Amino acid sequence: MFGNRTNFGGSLFDEFRRLESEMDGLFGRGSWPAGIRSVAQGTYPPVNIGTTADQVDVYLFAAGLDAGSLDISLQQNLLTISGERKAPVREDADYYRKERFDGSFRRLVTLPDDVDPEQVEAKYRDGILQIHVKRQAASRPRQIEVK
Amino acid sequence: MADANVENSEMTTRDSSEAGKRESEMTLRPLVDIFEDANGINLMADMPGVSRERLNIEVDKDMLLVEGDASIDMPEGMEAVHADVRSTRYRRSFALSSELEVDGIDASLKDGVLNIHIPKRPEVRPRKIEVRVE
């Protein structure tokens, strides 16, 4: 019922927010080729991916996650994360807003081709799930000496 | 397909450029649940990455302000290949009403979820009215 938060709430500010995200779609994100596995803005949880020469880090902004429900797997360079976030509606209360996600989620993320599936670590702190993957040594940039 | 190709921008804020300035001022609006029971109003806000030390809750007259800074553990020189979240600063404010007891506000934070309880003044809490049957 509350899954689609764009349907919820009807205040003027919600309308502004909707407009803003549509503008973002028109001029911001839309102008870049979207990854085939990228999802609509507002999908829980938001994901950031950062790389350096020797590692790839995936950050899931997933507050209030039940860490025990997490299932993370990496097959070659395809990372799958699934889990559950509970934010149930309390029966004895009247709701004015229900924006927070409740339920199970599953996200697939394509990582660079040279990640090493054997070297993955994950930690959960203050509501951010960080998945740290090492890249294979052979593909790191090497300094070539000129004789 | 070498990298998860969505967008190439630096994840760190670049204060020198104009774009960087705009980015650093941009704030995230935390998603909230707000509900009311017999004792008061409860507000739950998702603020992933925010620790207790980086959280600030203020009540000024009838405005409740919630803000916080997310700390993201990133190595030096990291380049963003995809970013759903473009800022580390959360901020959202709410207008309170007079029957709420702002001195009694209670807040807790766990795993990036902020939980605020604002009690109602005792005189406005619902009382059970007994109906006498004669």
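Heads up: the protein sequence lines correspond to chains Y and A, in order. FYI, in my numbering the residues of the first sequence are 1 to 147. FYI, in my numbering the residues of the second sequence are 148 to 281. Here a beta-carbon is modelled for each residue, glycine too, at the ideal position from N, C-alpha and C. Here the structure is a predicted model, which is why all the values come from computation and not from measurement.
Identify which residue in A:V260, A:L256, A:I204, A:E246 has its Cα closest to the Cα of P269 (chain A). Taking only the C-alpha atoms, the option nearest P269 (chain A) is A:E246.
Note to self: Please identify the residue among Y:L79, Y:I49, Y:E84 whose C-alpha is closest to the C-alpha of D66 (chain Y).
What the structure shows: Looking at the Cα atoms, Y:E84 is the closest of the given residues.
TODO: Could you say which of Y:G103, Y:K123, Y:L78 lies nearest to P88 (chain Y) if we only look at CA atoms?
DONE: It is Y:G103.
* **P117 (chain Y): first and last residue of the uninterrupted beta strand (DSSP E) it sits in** => Unbroken beta strand (DSSP E) run through P117 (chain Y): 115-125.
ask   = How many angstroms separate the CA atom of V133 (chain Y) from the CA atom of T52 (chain Y)?
value = V133 (chain Y) and T52 (chain Y): Cα-Cα distance of roughly 11 Å.
Next on the checklist: Against chain A, which members of the segment 110-142 of chain Y pass a CB distance test of less than 7 Å?
Outcome noted: Residues T110, L111, P112, D113, D126, G127, I128, Q130.
> Name the chain A residues that come within less than 9 Å of Q76 (chain Y), Cβ to Cβ?
Replying inline: Against chain A, a Cβ distance below 9 Å from Q76 (chain Y) picks out nothing, because the smallest value is about 12 Å.
Margin query: Can you tell me which residues form a DSSP beta bridge with E145 (chain Y)?
Written below: Paired residue(s): none; E145 (chain Y) is not in a bridge.
Exercise. Would you please verify whether the beta carbon of R97 (chain Y) is less than 8 Å from any beta carbon of chain A?
Key: At least one chain A Cβ lies under 8 Å of R97 (chain Y).
message = To the nearest angstrom, how far is the alpha carbon of P273 (chain A) from that of A230 (chain A)?
response = Using only the alpha carbons, I get a separation of about 47 Å.
**OP:** List the residues of chain A whose Cβ lies closer than 8 Å to the Cβ of L65 (chain Y), in chain order.
**Re:** Those are D258, listed as they occur along chain A.
If you drop the 5 nearest sequence neighbours on each side, which residues of the same chain put their C-beta closer than 7 Å to that of A63 (chain Y)? Counting only residues of its own chain and dropping the five nearest sequence neighbours on each side, A63 (chain Y) has a CB closer than 7 Å to the CB of G127.
(message) Could you tell me the alpha carbon to alpha carbon distance between I131 (chain Y) and K267 (chain A), rounded to whole angstroms?
(response) When rounded, the separation of the alpha-carbon atoms in I131 (chain Y) and K267 (chain A) is 43 Å.
Task: Cβ of T80 (chain Y) within 8 Å of any chain A Cβ - done: So, not an interface residue.
message = Do V249 (chain A) and L243 (chain A) count as a contact pair if the criterion is CB distance below 8 Å?
response = Closer than 8 Å, so yes.
For a cutoff of 8 Å on Cβ pairs, would you count L247 (chain A) as touching chain Y? Output row for L247 (chain A): interface = no.
Do R233 (chain A) and T174 (chain A) come within 8 Å of each other at the CB atom, strictly closer than that value?
Taking C-beta atoms as the reference points, T174 (chain A) and R233 (chain A) fail to come closer than 8 Å.
inquiry  = Counting only Cβ-Cβ distances shorter than 9 Å, please list the residues of the segment 181-198 of chain A near chain Y, keeping chain order.
reply    = Residues of the segment 181-198 of chain A with a C-beta less than 9 Å from any C-beta of chain Y: I181, F182, E183, D184, A185, I188, N189, L190, M191, A192, D193, M194, P195, G196, V197, S198, listed in chain order.
| By how many angstroms is the C-alpha of L129 (chain Y) removed from the C-alpha of E118 (chain Y)? | Put simply, the backbone Cα of E118 (chain Y) is about 19 Å away from that of L129 (chain Y).
List the residues that DSSP assigns as beta-bridge partners of L65 (chain Y).
For L65 (chain Y), the pairing in a beta bridge is given by DSSP as Y:R85.
Handout entry: Rounded straight-line distance, which links the Cα of I204 (chain A) to that of N189 (chain A)
Key = The straight-line gap from Cα to Cα measures roughly 14 Å.
Could you check the C-alpha separation between Q76 (chain Y) and V115 (chain Y) for me, to the nearest Å? Rounded to whole angstroms, Q76 (chain Y) to V115 (chain Y) spans 7 Å at the Cα level.
Against M225 (chain A), what residues of chain Y qualify as contacts under a CB-to-CB distance less than 9 Å, listed in chain order?
Taking a Cβ-Cβ threshold of 9 Å, the residues of chain Y close to M225 (chain A) are G50, T51, T52, Q55, D57, in chain order.
For I219 (chain A), would you say it is in contact with chain B, using Cβ-to-Cβ distances shorter than 8 Å as the test? Reference to chain B is not applicable here, since the protein chains of this structure are Y and A.
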